[in-house]
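Here the structure comes first, spelled out in structure tokens, and everything after it is commentary.
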Amino acid sequence: MLDCILQIGIFCLPRAAVIPLHNHPGMTVFSKLLFGSMHIRSFDWVDSSEQIRSSNGACLAKLNTDSVMNAPCETSILYPAAGGNMHCFTAVTPCAVLDVLGPPYDGPEGRDCKYYTEASCSSFPGDATASAAPGDNDRYAWLEEMQGKPDDFNVRGEEYKGPKIVGY
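Numbering (our numbering), first residue to last: 31 to 198.
Below, the structure is given as structure tokens:
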């Protein structure tokens with residue numbers, strides 16, 4: 031039997047619903063807005079090899095995307111270290127987004143979903159942003175990892191029970 035190599039999700043969101051700021055560690059994600067409008071705000075770590083940390087432990091990230099997408103539109107691709115791997119979605123209108131993730135989330139393999147809170151660079155005066163983000167602080171933010179997921183965020187998953195998918 032093959033191990034699961036992909037994870038597929040369809041997120042149906044009513045107007046103003048939010049998928050909070052989260053990551054996809056070591057994963058590539060294909061996202062397709064199926065219908066409606068969605069605001070996307072995404073980040074990548076400034077230095078993925080050695081994260082730049084603030085005095086309170088938050089890590090410096092650079093803004094990748096801050097815009098509204100309207101269906102129909104191109105498929106977005108998030109790579110493990112680029113393309114907006116940490117992102118949040120806010121439904122501008124009722125909408126649905128299809129995500130295909132590979133490899134899937136797997137805590138023991140180091141691919142556990144983490145959620146973040148965002149603070150502006152000016153929130154931590156005297157920290158190391160002057161050299162990392164000279165004169166461009168609005169394109170950078172401190173992301174602080176939350177413990178667990180936000181209390182008001184729930185995702186209901188179901189196992190695929192359709193016809194067996196076989197390789198070629």
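Just so you know, even glycine gets a beta-carbon here, dropped at the ideal spot from N, CA and C.
Please work out which residues of its chain come closer than 6 Å, Cβ to Cβ, to residue i, disregarding the five sequence neighbours upstream and downstream, and give them in chain order.
| i | result |
| --- | --- |
| threonine 159 | Note that threonine 159 scores 49 on pLDDT, short of 50, meaning its location in the model is unreliable and no value can be drawn from it. |
| valine 185 | none |
| isoleucine 195 | none |
| proline 164 | With a pLDDT of only 49 at proline 164, under 50, the local geometry of the prediction cannot be trusted, and the value read off the model is given with reservation. Contacts found: none. |
| valine 76 | Ile82, Leu90, Lys92 and Ala162 |
| valine 48 | Thr120 |
| isoleucine 38 | Val130 |
| phenylalanine 183 | Pro50 |
| glycine 187 | none |
| asparagine 100 | Ser67 |
By Cβ distance, which residues of its chain are closer than 7 Å to residue i, with the 5 residues on each side in sequence left out?
| i | result |
| --- | --- |
| tyrosine 145 | Pro50, Leu51, His52, Met176, Lys179 and Pro180 |
| cysteine 42 | Ala126 |
| threonine 123 | Arg45, Gly66 and Ser67 |
| glutamate 148 | Leu51, Ala171 and Leu173 |
| tyrosine 135 | Gln37, Arg141, Asp142 and Cys143 |
Which whole-angstrom value describes the C-beta separation of residue i and residue j, a residue pair presumed to lie in contact below a C-beta threshold of 8 Å?
| i | j | result |
| --- | --- | --- |
| isoleucine 107 | phenylalanine 60 | 6 Å |
| lysine 62 | threonine 95 | Not really, about 15 Å apart at Cβ, beyond 8 Å. |
| glycine 56 | glycine 140 | 6 Å |
Using the Cβ count rule (16 or more neighbours within 10 Å means buried), how would you classify residue i?
| i | result |
| --- | --- |
| isoleucine 82 | buried |
| cysteine 103 | exposed |
| leucine 90 | buried |
| glutamate 189 | exposed |
Got a sec? Which residues, its chain only, sit under 8 Å from residue i by beta carbon, not counting five neighbours each side?
| i | result |
| --- | --- |
| glutamate 110 | Looking at the sequence itself, residue 110 is proline, so the reference to glutamate does not match. Same-chain partners within the cutoff: His54, Pro55, Gly56, Met57 and Thr58. |
| serine 97 | His69 and Ile70 |
Could you check if residue i belongs to the surroundings of the ligand NAP, using beta carbon to heavy atom distance under 7 Å?
| i | result |
| --- | --- |
| glutamate 148 | Of ligands this structure carries none, so the ligand NAP is not represented either. |
Can you check whether the CB of residue j is closer than 8 Å to the CB of residue i?
| i | j | result |
| --- | --- | --- |
| glycine 113 | leucine 36 | no |
For the region 66-75 against the region 111-124, are there 3 or more C-beta pairs whose distance is under 8 Å? Cβ pair count under 8 Å is three or more, so yes.
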